[in-house]
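What follows is one structure encoded as structure tokens, with my remarks underneath.
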Ligand code: PMP
Ligand code: GLN
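Numbering (this note's numbering), first residue to last: 425 to 814.
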């Protein structure tokens, strides 16, 4: 038998040339070495039992066929009510709210639907790993704004260098993964001025909106003056309920934008599992005490881990939100975050993420990211190993 003829044409070079994501890579290493995985961001708590019970009940007794393309009405109403209650945002659930299969689908769909080849797209570095490949695949031309430790802030000059009349869209992640910054109203108003001046859409990845600490309040970009008509807000139940595998995302945008976003969604996933949607609709209506309790418990873990890391001799940068904190290696005289993370996982059995993986160009190579959304015993076991290592 002749051997089968191999396929020889070029595959899409962008995806063919991509490496496996840093999260998957570090999680695979952690599994292989049986290390404590403080890399990929997921809690080791099973998540709220009542929300999981609602999902189980909906699987057994609810509707398991295609739900409506835009999402279950009960969930779209719950998203609208939730944002009204928590962020004082008025939205029309029928025209302005759509449910997607995670924030990742929402991001991919929005970039496909809103960008035309050649449009410039402003991105902030460090950036969440999915952004750049999706922008490039949609034909966008990235323009970077660099954020630097320890404060990771941007100013007028940095925005002026990145924005022009060719800018179509800015992708803004607030609270920011991986740097754990929560941008204040002043920073958002500065960014808004550039969006309005250059007629730019703000695609706002706000998946960490509930995971904010020390009494901070998340401000949605939609609420900033002049931004209502040009903002696409993305949220994720995975983060709100510490159920990162659930992949239920929310998109909020003005009807003119939503019409086009919905067209992308209808041909990417079309819909999202109805049972998970039903459980998220229930969860969004939970008492304030759930959301405050979640923040409080994350903050306790952040403080426990920060104190322990400092006792080990690490310099810890402030974490204002998200499941993450960052460590500055520069005071230890180290300048290769990738080498450090590999050495750390091999020699101590603790995994973290080198932050240079979140840069497309000119990476900062002196910071690493730890996920502290773990049980006390997990954090303490990691600290014990790290103390010996350092
Ligand atoms: N954006 C950011 C900034 C994230 O951190 C994550 C996941 N950690 C996502 C998007 C993806 O969210 P989802 O799992 O809902 O797709
Ligand atoms: N968002 C998660 C993190 O930042 C990872 C998600 C993923 O692995 N794609 O760790």
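Every residue gets a Cβ at the ideal spot worked out from N, C-alpha and C, and that includes glycine.
DSSP beta-bridge partners of residue i
i: residue 795; result: 748
i: residue 773; result: Answer is none; residue 773 lacks a bridge partner.
i: residue 477; result: Answer by DSSP bridge pairing: none, since residue 477 is not bridged.
i: residue 778; result: 792
i: residue 434; result: In DSSP, residue 434 forms no bridge with anything.
i: residue 591; result: 544
i: residue 596; result: 628
i: residue 509; result: In the DSSP output, where bridge partners are listed per residue, residue 509 has none listed.
i: residue 460; result: 774
Classification of residue i by the beta-carbon crowding that lies within 10 angstroms, buried from 16 upward
i: residue 814; result: exposed
i: residue 520; result: buried
i: residue 463; result: buried
i: residue 671; result: buried
i: residue 662; result: buried
i: residue 626; result: buried
i: residue 679; result: exposed
i: residue 701; result: buried
i: residue 591; result: buried
i: residue 629; result: buried
i: residue 494; result: buried
i: residue 654; result: buried
i: residue 478; result: buried
i: residue 707; result: buried
i: residue 440; result: exposed
i: residue 431; result: exposed
i: residue 588; result: exposed
i: residue 490; result: exposed
i: residue 771; result: exposed
i: residue 575; result: exposed
i: residue 436; result: exposed
i: residue 757; result: exposed
i: residue 694; result: exposed
i: residue 660; result: buried
i: residue 438; result: exposed
Residues near residue i by beta carbon distance below 8 angstroms, same chain, minus five either side
i: residue 722; result: 635, 637, 747, 796, 797
i: residue 647; result: 511, 512, 513
i: residue 616; result: 626, 645, 648, 649, 650, 651
i: residue 451; result: 461, 463, 464, 775
i: residue 640; result: 606, 744, 745
i: residue 764; result: 753, 758, 778, 792
i: residue 486; result: 698, 699, 702
i: residue 624; result: 546, 587, 591, 592, 593, 594, 618, 654
Closest residue to residue i among the options (Cα-Cα distance)
i: residue 808; options: 428, 671, 773, 571; result: 773
i: residue 690; options: 433, 698, 442, 492; result: 492
i: residue 769; options: 789, 812, 759; result: 812
i: residue 729; options: 717, 742, 662; result: 742
i: residue 737; options: 810, 439, 574, 560; result: 810
i: residue 524; options: 658, 703, 727; result: 658
i: residue 793; options: 775, 805, 620; result: 775
i: residue 449; options: 791, 777, 790, 645; result: 777
i: residue 766; options: 457, 801, 700, 433; result: 457
i: residue 791; options: 460, 550, 455; result: 550
i: residue 504; options: 477, 801, 704; result: 704
i: residue 522; options: 802, 681, 639; result: 681
i: residue 444; options: 639, 761, 554; result: 554
i: residue 610; options: 468, 805, 580; result: 580
i: residue 802; options: 486, 559, 477, 461; result: 461
i: residue 762; options: 745, 771, 477, 789; result: 789
i: residue 466; options: 669, 692, 784; result: 669
i: residue 488; options: 496, 697, 624; result: 697
i: residue 571; options: 799, 800, 783; result: 783
i: residue 716; options: 758, 664, 600; result: 664
i: residue 718; options: 498, 632, 608; result: 632
Spatial neighbours of residue i in its chain, beta-carbon cut-off 7 angstroms, leaving aside the 5 residues before and after
i: residue 537; result: 684, 685, 687, 688
i: residue 739; result: 751, 752, 755
i: residue 726; result: 637, 743, 749, 796
i: residue 613; result: 648
i: residue 608; result: none
Same chain, Cβ closer than 6 angstroms to residue i, five either side skipped, listed in chain order
i: residue 569; result: 548, 578, 582, 586
i: residue 787; result: 780
i: residue 732; result: 807
i: residue 447; result: 464
i: residue 667; result: 471
i: residue 480; result: none
i: residue 804; result: none
i: residue 500; result: 517, 521
i: residue 475; result: 665, 703, 707
i: residue 506; result: 708
Cβ-heavy atom distance, residue i to the ligand FAD, below 8 angstroms
i: residue 602; result: Absent from the structure shown: the ligand FAD. Ligands present: the ligand PMP and the ligand GLN.
Cβ of residue i within 9 angstroms of any chain B Cβ
i: residue 755; result: Checking the listed chains, one finds no chain B in this structure; it contains a single protein chain.
The segment 518-534 contacting the segment 681-690, beta-carbon criterion three pairs below 8 angstroms: yes
The segment 556-566 / the segment 535-543 touching (three or more Cβ pairs under 8 angstroms): Touching, yes, given that three or more Cβ pairs across the two stretches are closer than 8 angstroms.
Cβ contact (3+ pairs, closer than 8 angstroms) linking the segment 591-611 and the segment 545-554: yes
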